[in-house]
Amino acid sequence: MEQYLEEKKASQKRPVASFQRQDEKKTMKDYDAILGLDWLEEHYALVDCRRKRIVFRIPGVVGDVSPLEETVEKDSERGD
Numbered sequence: 001m002e003q004y005l006e007e008k009k010a011s012q013k014r015p016v017a018s019f020q021r022q023d024e025k026k027t028m029k030d031y032d033a034i035l036g037l038d039w040l041e042e043h044y045a046l047v048d049c050r051r052k053r054i055v056f057r058i059p060g061v062v063g064d065v066s067p068l069e070e071t072v073e074k075d076s077e078r079g080d
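Using the UniProt record's numbering, the first residue of the sequence shown is number 1, and each one after it goes up by one.
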């Protein structure tokens, strides 16, 4: 149980949309979402299972909301 809690703390420090290995970059399509309900609630996530996407709606932010997949694609274009 202690190891699980340590791993959970370490995983919370990582950027949300960073899925990169040293040798190659993966798109979001290559991963299943493995996120806890508490984490999703804390980050204002809406899970759309039918369309296989997760949308983050941040309170106080006005404008279009992009699905996570589109955000990851934009980050990869910047070279992140």
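Ideal placement from N, C-alpha and C gives every residue a C-beta, glycine not left out.
For residue i, which three-state DSSP category applies?
{"i": "L46", "result": "strand"}
Can you tell me where the beta strand (DSSP E) with residue i in it begins and where it stops?
{"i": "R51", "result": "Per DSSP, R51 belongs to no beta strand (DSSP E) and is neither H nor E."}
Per DSSP, residue i forms a beta bridge with which residues?
{"i": "K61", "result": "One detail in the question is off: residue 61 reads as Val in this sequence, not Lys. DSSP, once it has assigned bridges, lists no residue as partnering V61."}
Using a 10 Å radius around the Cβ and a threshold of 16 neighbouring Cβ atoms, would you call residue i buried or exposed?
{"i": "I54", "result": "buried"}
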